[in-house]
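Data first, discussion second: the structure below is written as structure tokens.
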Amino acid sequence: MSKEMKINAAKEAINFVKDGMKLGLGTGSTVDEFLILLSKEIKNGLSICGVPTSKKTRDLSNKLSIPLTTLESVKTLDLTIDGADEIDNDLSLIKGGGGALLREKIIAFNSDELLIIADESKLVDKLGDFKLPIEISPYEHEVTSLRIMNKLNKIGYEGTIGLRKDNKNIFITDGGNYIYDLSVGLISEPNIIEQTLNLIPGVFENGLFIDLTKKVIIGGQEGTRIISK
Ligand code: 5RP
Numbered sequence: 003m004s005k006e007m008k009i010n011a012a013k014e015a016i017n018f019v020k021d022g023m024k025l026g027l028g029t030g031s032t033v034d035e036f037l038i039l040l041s042k043e044i045k046n047g048l049s050i051c052g053v054p055t056s057k058k059t060r061d062l063s064n065k066l067s068i069p070l071t072t073l074e075s076v077k078t079l080d081l082t083i084d085g086a087d088e089i090d091n092d093l094s095l096i097k098g099g100g101g102a103l104l105r106e107k108i109i110a111f112n113s114d115e116l117l118i119i120a121d122e123s124k125l126v127d128k129l130g131d132f133k134l135p136i137e138i139s140p141y142e143h144e145v146t147s148l149r150i151m152n153k154l155n156k157i158g159y160e161g162t163i164g165l166r167k168d169n170k171n172i173f174i175t176d177g178g179n180y181i182y183d184l185s186v187g188l189i190s191e192p193n194i195i196e197q198t199l200n201l202i203p204g205v206f207e208n209g210l211f212i213d214l215t216k217k218v219i220i221g222g223q224e225g226t227r228i229i230s231k
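Okay, so the sequence shown: first residue is 3 according to our numbering, each after it adds one.
Dropping the structure here:
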């Protein structure tokens, strides 16, 4: 979607950032726009420190002179700003299109608030059109992917699963893991899918973010709107 929509959402998110905050910094093109605006605020005197969810966000933050720290140093975060691939009516999300889902979920879980910024195209009635990313240990990963399909078949989901590639190479996450992208049609019970996946040895995390956010900023051509629950 258009860069303007992402910038609009990012601008609105800046209003939620207060002096002295410890911020989680998500990953993706919408977050990149937020980082650019955040760095301008920092140049104007805003004092914050950020914990990045990916090497990409860390590198851009360093380039923009955004002060960074680690979760270990600060223990909890006041606010995390991140993007999403799909957002449903309950504000459940699919994330991980950029492959950062494990670190994004760790940061979201350890944050008082997760604020999602996205353009209108990310809003859906039901999750599942976007393939669900699952981060998996490289060790015997093909068998893990078969187990995933077995378990899902048993609870009534049929579909396909595929190892994510970066051109011809296997896509490797910042943590050195693989991503499998799962397509099982529209997901009527995200909770059950999440629990089923995370009980399978070899699965580190999946891209379903349920009950982790209460506020989403949607950027449109004309401006923004906030959806809260
Ligand atoms: C990365 C993510 C991103 O937040 C998601 O893919 C959205 O990215 P973008 O803002 O580029 O549309 O989950 O793992």
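Every residue gets a Cβ at the ideal spot worked out from N, C-alpha and C, and that includes glycine.
- Fewer than three Cβ pairs drawn from the segment 132-143 and the segment 214-231 lie within less than 8 Å of each other, which leaves the two stretches out of contact.
- Following the DSSP letters along the chain, one finds A120 inside the beta strand (DSSP E) bounded by residues L116 to D121.
- Note that the C-beta distance between D176 and A102 is below 8 Å.
- 8 Å or more divides the Cβ of I219 from the Cβ of I109.
- Beta-bridge partners of T32 (DSSP): none assigned.
- Judged by DSSP in its simplified three-state form, F111 adopts helix.
- A distance below 8 Å separates the beta carbons of M23 and L81.
- Judged by DSSP in its simplified three-state form, V19 adopts coil rather than helix or strand.
- Only residues of its own chain outside the window of five on either side were considered, and among them I50, G52 and L81 have a CB closer than 6 Å to the CB of L25, listed in chain order.
- L25 has its CB no nearer than 7 Å to any heavy atom of the ligand 5RP.
- Contact between I9 and E35 holds, with the beta-carbon distance rounding to 5 Å and staying under 8 Å.
- The three-state secondary structure of I157, taken from DSSP, is coil.
- By a beta-carbon distance limit of 8 Å, N208 contacts E196. Their separation comes to about 6 Å.
- In the structure shown, S230 falls within a strand segment according to DSSP collapsed to helix, strand and coil.
- Relative to the ligand 5RP, K153 has its C-beta separated by 7 Å or more from all heavy atoms.
- The secondary-structure analysis by DSSP pairs N171 across a beta bridge with D168.
- In the three-state reduction of the DSSP assignment, T198 falls in the helix class.
- Note: S185 is bridge-paired with T162 in the DSSP secondary-structure output.
- Straight-line spacing of the CA atoms in D127 and D90 works out to 5 Å.
- Beta-bridge partners assigned by DSSP to K42: none are found.
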